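Protein chains: 6
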Amino acid sequence: MKMFHTTLFLFALLFSCTSHAAEICVGDLKGPETPSGYTCKNPANVTVDDFVFSGLAKAGNTTNIISAAVTPAFSAQFPGLNGLGISLARLDLAPGGVIPFHTHPAANEVLLVSQGSICAGFITSANTVYLKTLKKGDIMIFPQGLLHFQINAGGSIAIASVSFSSPNPGLQITDFAFFGNDLPTEVIAKTTFLDPAIIKKLKGVLGGTN
Amino acid sequence: MKMFHTTLFLFALLFSCTSHAAEICVGDLKGPETPSGYTCKNPANVTVDDFVFSGLAKAGNTTNIISAAVTPAFSAQFPGLNGLGISLARLDLAPGGVIPFHTHPAANEVLLVSQGSICAGFITSANTVYLKTLKKGDIMIFPQGLLHFQINAGGSIAIASVSFSSPNPGLQITDFAFFGNDLPTEVIAKTTFLDPAIIKKLKGVLGGTN
Amino acid sequence: MKMFHTTLFLFALLFSCTSHAAEICVGDLKGPETPSGYTCKNPANVTVDDFVFSGLAKAGNTTNIISAAVTPAFSAQFPGLNGLGISLARLDLAPGGVIPFHTHPAANEVLLVSQGSICAGFITSANTVYLKTLKKGDIMIFPQGLLHFQINAGGSIAIASVSFSSPNPGLQITDFAFFGNDLPTEVIAKTTFLDPAIIKKLKGVLGGTN
Amino acid sequence: MKMFHTTLFLFALLFSCTSHAAEICVGDLKGPETPSGYTCKNPANVTVDDFVFSGLAKAGNTTNIISAAVTPAFSAQFPGLNGLGISLARLDLAPGGVIPFHTHPAANEVLLVSQGSICAGFITSANTVYLKTLKKGDIMIFPQGLLHFQINAGGSIAIASVSFSSPNPGLQITDFAFFGNDLPTEVIAKTTFLDPAIIKKLKGVLGGTN
Amino acid sequence: MKMFHTTLFLFALLFSCTSHAAEICVGDLKGPETPSGYTCKNPANVTVDDFVFSGLAKAGNTTNIISAAVTPAFSAQFPGLNGLGISLARLDLAPGGVIPFHTHPAANEVLLVSQGSICAGFITSANTVYLKTLKKGDIMIFPQGLLHFQINAGGSIAIASVSFSSPNPGLQITDFAFFGNDLPTEVIAKTTFLDPAIIKKLKGVLGGTN
Amino acid sequence: MKMFHTTLFLFALLFSCTSHAAEICVGDLKGPETPSGYTCKNPANVTVDDFVFSGLAKAGNTTNIISAAVTPAFSAQFPGLNGLGISLARLDLAPGGVIPFHTHPAANEVLLVSQGSICAGFITSANTVYLKTLKKGDIMIFPQGLLHFQINAGGSIAIASVSFSSPNPGLQITDFAFFGNDLPTEVIAKTTFLDPAIIKKLKGVLGGTN
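Protein chains in written order, with UniProt numbering: chain A, 1 to 210; chain B, 1 to 210; chain C, 1 to 210; chain D, 1 to 210; chain E, 1 to 210; chain F, 1 to 210.
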């Protein structure tokens, strides 16, 4: 009987030691960030709710210019993902909806169609176009940093879940990067071959100035 | 006009050069493997179908002892994932279905419930249990290498998609590792504290010998 | 002569600059953790004793149920290992001693027998068993996250040093994960195929409740 | 004297053993690729010329539509870089020259101005614009995967060397991705908010079809 | 019109979320370090000047014993490089100048000659010597951790920029490590095969004691 | 009963799929190498002996100029370590024995004294010396790429096992790199501050030419 207690003590000791491990590093959004992610929340305060997220259960609001919504579950929304090399997002595409050309600077993506039909494509550094219309249950890869898009290919709402190979994949929508900030029109013209008049018009639509 | 052609030539040159890049490395399942994954399929033979997989569209067969099925989309099934640090799988849990305790030796996991309700849990190195009943749309994290399970928590079928932080996460179901191979009963008894009689019974159920 | 001073000054400048480097990042166990490990102790306070550890010199106490002891030199015990991708531990196995089935969720392991004889084995994701009786001086590999065990194979004490490919490999002993915490008996029964009576008995031995 | 020979033999043995190491892995451009890069050229055939590249010594041809040239020294051009996590390129910008908006999907970039003056900028995922006119000797960072550009900011030729954190950084020029391939005009219109007429005009300039 | 505002709001929300990302982690030199680098400067205080560095524009002072100077742009001097896997330095070699044998413990190096001529070499673990005289525009690789040197091979000043595969490559000049600190002469003699008299002489030149 | 068979079939299918995984990648020394290591031996031919190595059981021959021996168990000697991020070696130091100053270009090292007493030290990039006399059971860290040495500190034989954070750490002994190959005496003189006469003498001892 005494031996059992010794065992338990031995393992308790071992476990308490290794419990300092960053095996689980729930992000502390208030703490400083590091190149490897957020600092860890005190393990003593971690509960199961740090590992569960319900934010993707509800459809995003698609009453907007693109008739679409992206709902992220990245480490900034779901700090349990901090340091884990993975994250998710939900896409809602109303009829006619489109996720315009964009990139994720820091992650590969896999899209899984859970409802409806989606036409998706990406373009490689070698300028090859890969295009496919996906049905429910299909999955498609979009390699890191490459331009890609998704278009609702049916007459009803389409929904997809997307998985990323980083807790913080980033998102750069080309149109917003070009026309949704204060980058001067003449600089855009010089670096995109577009006419200043077109640029100014799109700045008007997408909120850009200058 | 001549300048345009020069430009095109310049970029064609540039693109053809960089097209050698392993930016896309669809796995060649027949070639040798390496610690970083499969060797790459010849880029000239790559088509959009290398980036699309339909194997998760169909429900797995749950007419079995666990009333459940796991359908993987790892790099061995979907070679487009080779080298990309991500993969997926589909879980089907009939009423009463359960994915027994298991680990993924090489990947973190995020589970997304797409239908029904699932009770899931994992245990840390510090021997803490994290347990939660998940509803449709909930996501839950299972950190790399830690024991975890999923149980259908409702009266109807439950379905989930799981994402992994590796194209080849591995899967080790504890019961099958203990009782589904030729590991001698006496060794199992010594290393699990279980009685030989119980071990032999479970070997009978799970296909083990010795 | 003046030139020499200039040289010294030049290099002193260079060295003082690069001394900010995280070339050496002794862990500060009181600071916050990050996904890459502990924050670094102030380099000004680092001494040679931060790089030396004597905790493995003494035999672990094997007067317990498994007649064995594991003494870790992970980053939590030896903070000099922080961020270095390596750690050690010492195994002591009295006659009849056994390290029960366990995994290291975050590291590959290499075991070196320094005294006596050890029977060791591991099981792969493909459910293949690799089993070997090791003599003094033999080394054996246990790949990351896979179930493995060690048994004293001789009549006298056996000692081994084990090396890990992470400063914080983690340790999950299956029996303790199943039977040494508050995971409910009915959940364990459902996810392991074991009878509730057996589970309750093992919970009694290993300190579990519920 | 005999001892010396023994020593030499000892070390020769040791060195010949470790010479199998992938410490140096000059890429074999004819062999299969892997996710970690090219397979290695036979070490026996490696010479110093595998580690030296003269292709950046000569100015690129800037007689083209952008009055600029990019000359890469990536692993496809300079196989000695294979597996080393670094590569270079040379930029030549004639007066009025511009490197249009582009990304490197797989690498961070640092630009060093070696002649003339360059106005450069990048845009983050948070849609912030960072813009600067650089003089000779200035260096500037362009983080991985983010849209950026370079414009000759002076009246004479400008030259820069750029370094990347990958042997194979990739290069995706947005205009060429949008207008220089067979992506259908209607798809581009839907995913960029641009008018079909403008798209068709740019396809005419940049070699696109459909 | 209302829809446009909704869109803007949608994306603003998305962008503000993802702006927490460590996509850009300018190092806070005052904060604690981590194995992955410095903690990040508050993104709200980041300006374009965090991404631009002018310290390499000016020649280093070569009026010293080696007639040479190394000017680093590592993360300690240029905190914008924190976490980016890349850094630069400038070499100035007056006539007769030499960068003595040294290693970079944590990075591969690529050298680009921008003026003059440089004889450079490195030695592998297999004890093979790779030696080359480089002209303006040539680039040469020096693999991580291997001993290498650079000598001005012409009669006029030579300048080079060097790129590293780490923001903090480290620099260990063998002569300074052997003779420029307080390592006792007898220890140096035993570990280098050099006579104590020679060691003491070099300690005198390079500032060593003991 | 039929259900059991279905289960077994289900898992057999799953396991056979995932068995393609590079979870275990025993190196094929005859195949081509890659930046991530050797290509994998055909899994069908892998046996337990691929994971066990007895080469460290026997003392190295210390009848040589340094009265010491290094016996490696790197991936070239023990291919089971391929891709695993870890390796070992054995040090034998006869009385008076010394492992001269050396570096491991690609790995951190931890030394464990198993017999006798060893004086060991390393020097950082900041030129700080860390020196310690170690007793049996002590462990000491030598960070990647930094110069270090080991000296027998007692009157009897000393033995140590060393662990590395790479399957292929490399080994560069400074004296052999300087004086054991065909690097011309005048180049060595210029890059080490040593007199040509001393260099020629050491070349004579260590087998160098030129």
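Heads up, the beta-carbon is just placed ideally off N, CA and C, and yes, glycines get one too.
This one's a predicted model, so the numbers in the text were calculated from it and none came from an experiment.
Chain B within 7 Å of residue i, Cβ atoms only
i               : result
T191 of chain A : no
G207 of chain F : no
V48 of chain F  : no
G204 of chain C : no
C-beta neighbour in chain A for residue i, strict 7 Å
i               : result
N181 of chain D : yes
I141 of chain B : yes
G152 of chain B : It is Asn, not Gly, that sits at residue 152 of chain B in the sequence shown. It does not; no Cβ of chain A falls within 7 Å.
I123 of chain D : yes
Neighbour flag for residue i against chain D, beta carbons, 7 Å
i               : result
A59 of chain E  : no
N127 of chain A : yes
Q144 of chain A : yes
D138 of chain A : no
S67 of chain E  : no
Within-7 Å CB hit, residue i to chain E
i               : result
D195 of chain D : no
I198 of chain D : no
F149 of chain F : yes
Cβ separation of residue i and residue j, assumed to be a contact under 8 Å, to the nearest whole Å
i                      : j               : result
residue 214 of chain A : V162 of chain A : Absent from the model: residue 214 of chain A. The displayed extent of chain A is 1 to 210, so no value can be given.
I24 of chain C         : V48 of chain C  : 12 Å between Cβ atoms; not a contact.
D175 of chain C        : L146 of chain C : Not really, about 17 Å apart at Cβ, beyond 8 Å.
S165 of chain D        : G83 of chain E  : 10 Å between Cβ atoms; not a contact.
F74 of chain B         : N210 of chain B : Actually they do not touch by this definition, with Cβ atoms about 30 Å apart.
P105 of chain C        : Q172 of chain C : 6 Å
F179 of chain C        : I159 of chain C : Contact flag wrong, Cβ pair sits at about 28 Å.
Contact with chain C by residue i, beta-carbon distance below 7 Å
i               : result
F51 of chain F  : yes
S161 of chain F : yes
A120 of chain B : no
M1 of chain E   : Low local confidence applies: a pLDDT of 36 at M1 of chain E is under 50, so the model's placement there is unreliable, and no value is given.
K132 of chain F : yes
C-beta neighbour in chain F for residue i, strict 7 Å
i               : result
G170 of chain D : no
F74 of chain E  : no
S156 of chain C : no
F164 of chain E : no
Helix, strand or coil at residue i according to DSSP, with G and I counted as helix
i               : result
D92 of chain D  : strand
L131 of chain F : strand
G27 of chain F  : strand
D52 of chain A  : With the sequence shown as reference, residue 52 of chain A is identified as Val, and Asp is not the correct amino acid for it. In the structure shown, V52 of chain A sits in a strand (DSSP, three-state: E or B).
G207 of chain C : coil
Interface residues of the stretch 22 to 44 of chain F facing chain C [CB-CB below 7 Å]:
E23, I24
Mind listing which residues of the stretch 76 to 93 of chain C have their C-beta closer than 7 Å to chain E's C-betas, in chain order?
N82, G83
Please list the residues of the stretch 96 to 116 of chain C that have a C-beta atom closer than 7 Å to any C-beta atom in chain A, keeping them in chain order.
P105, A106
Complete alpha helix (DSSP H) runs within the UniProt domain "Cupin type-1" (54 to 200) of chain A (minimum length 4 residues, chain order):
Runs of the alpha helix (DSSP H) inside the UniProt domain "Cupin type-1" (54 to 200) of chain A: 174 to 179, 185 to 192.
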